[in-house]
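Trainee: Residue numbers -24 to -1, 1 to 249, in mature numbering (1 follows the signal peptide of the UniProt record, and there is no 0), belong to the letters of the sequence shown in order. Here a beta-carbon is modelled for each residue, glycine too, at the ideal position from N, C-alpha and C. I'd like to ask you about the structure that follows.
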Amino acid sequence: MKRTLFTIALTFCALALTSNTTRAQDAPTDKSSSTANESGAEMPRPKVIIFDVNETLLDLSPLKISVGKALGGREDLLPLWFSTMLHYSLVETLTDNYHHFGEIGTAALMMVAKTQGIELDYDTAKAAIVTPLRSLPPHADVVAGITSLSKSGYKIVSLTNSSAAGVETQFNNAGLTELFEKRYTVETLKKYKPHPDTYRMVLKDLGVRPEEVLMVAAHAWDIAGATNVGLQTAFVARPGKTLYPNAPRPDYVVKDLSELVQVLQKTKPVAAK
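Dropping the structure here:
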């Protein structure tokens, strides 16, 4: 059992590190968005679109500056900190423990500092994470993209590893609150994405089938988790993000939400059962 837990956690860590390389693999071309459907058939139109929050909707640039400052100017260590945070969120899930994402982020920052020989106390680490994390600005394409999708009739919701209080503050500060019908958080289950129960929680609450739902994320591990449950998936190739080669290719790969709007215009409604 211990070996299994270690292997799964190590695999997840490697996946997270892969998603933070310096270039976006398989980014869409100027001609059209990439799709995973090799037959060329159009994907059915989803009824619900679930958005991941951090990095997918919100720009982590201010956090990069804050983390870099806490680590003595080492902004290059942000990917290591983020992947460490994701790694230990999975460890908590596998060991039936739970701390808020901010608490795990603070602990991860202290771990990175220690491995780099940088002195960092808890209060300083917490301030470097929690304050900027709750005041992140949306990416430039987010408001217009989600507004357009909402007007097209899609139910727009979010699913995040952040706490309920955390994402509420994030959305208020980013001006996104009114654009979403519901906000879901793993805090409800105390299991972190990509655990399958987190996605199923949303499906159950909304009363929809997996094929009627599109998960949108800038993280390969999130896309893999949603694919495992049977959701449609769209990977947003934010700068520095890449697909995980060992996972099934997403249904869509787009450079931003503007392109997502365009490709969804070509879809057809899900056939009734």
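Are Leu125 and Leu240 close, meaning C-beta to C-beta below 9 Å?
Mentor: Yes, the pair counts as a contact, with Cβ atoms nearer than the cut-off.
Trainee: Where does Thr5 fall in DSSP's three states?
Mentor: Low confidence applies to Thr5: its pLDDT is 36, below 50, so where it sits in the model is not reliable, and the reading given next is rough at best. Coil.
Trainee: How many angstroms separate the CA atom of Thr(-4) from the CA atom of Tyr130?
Mentor: At Thr(-4) the pLDDT is 35, less than 50, meaning the model places this residue with poor confidence; the figure from the coordinates comes in the next sentence. The alpha-carbon atoms of Thr(-4) and Tyr130 are separated by roughly 32 Å.
Trainee: Ignoring anything shorter than 4 residues or poking outside the region 36 to 66, list the alpha helix (DSSP H) runs there in chain order.
Mentor: Whole alpha helix (DSSP H) segments, 4+ residues: 37 to 46.
Trainee: Which residue wins for smallest C-alpha separation from Leu33, given the options Lys242, His63, Asp52, Ser234?
Mentor: Ranking Lys242, His63, Asp52, Ser234 by Cα distance to Leu33 puts Ser234 first.
Trainee: Report all residues from its chain with a CB closer than 7 Å to the CB of Gly206; omit the five preceding and five following residues, and keep chain order.
Mentor: Here the set comprises Pro186, Glu187.
Trainee: Determine whether the beta carbon atoms of Thr161 and Ala196 lie at a separation below 9 Å.
Mentor: Not in contact: Thr161 and Ala196 (Cβ atoms no closer than 9 Å).
Trainee: Within the same chain, show all residues whose beta-carbon is closer than 8 Å to that of Arg176, passing over the 5 residues directly before and after it, in chain order.
Mentor: For Arg176, where only same-chain residues beyond five positions count, the Cβ hits under 8 Å are Val205.
Trainee: Taking the beta strand (DSSP E) that Met87 belongs to, which residues open and close that run?
Mentor: It is not in any beta strand (DSSP E) - Met87 instead sits in the alpha helix (DSSP H) that spans 77 to 91.
Trainee: Pick helix, strand or coil for Leu190, following the three-state DSSP scheme.
Mentor: It is a strand residue.
Trainee: For Gly121, collect the residues of the same chain with a Cβ closer than 8 Å to its Cβ; drop the 5 residues on either side in sequence, then sort them by chain order.
Mentor: Cβ within range, chain order: Asp232, Leu233, Ser234, Leu236, Val237.
Trainee: Which whole-angstrom value is the C-beta distance of Val192 and Asp35, which I expect to be below 8 Å?
Mentor: So it is not a contact: roughly 16 Å between Cβ atoms.
Trainee: Given a cut-off of 9 Å, decide if Val178 and Ile26 are closer than it, judged by their beta-carbon atoms.
Mentor: Taking 9 Å as the Cβ cut-off, Ile26 and Val178 qualify as a contacting pair.
Trainee: Helix, strand or coil: how does DSSP classify Leu96 here?
Mentor: Residue state, collapsed to three classes: coil.
Trainee: Under the three-state reduction of DSSP, which class applies to Arg110: helix, strand or coil?
Mentor: The answer is coil: DSSP assigns Arg110 none of H, G, I, E or B.
Trainee: In whole angstroms, give me the CA-to-CA distance for Pro245 and Val189.
Mentor: So the alpha carbons of these two residues sit roughly 12 Å apart.
Trainee: Within the continuous beta strand (DSSP E) that includes Leu135, where are the two ends?
Mentor: Here the beta strand (DSSP E) through Leu135 covers 131 to 136.
Trainee: Give the secondary structure of Thr243 by DSSP, where H, G and I count as helix, E and B as strand, and everything else as coil.
Mentor: Thr243 falls in the coil class under three-state DSSP.
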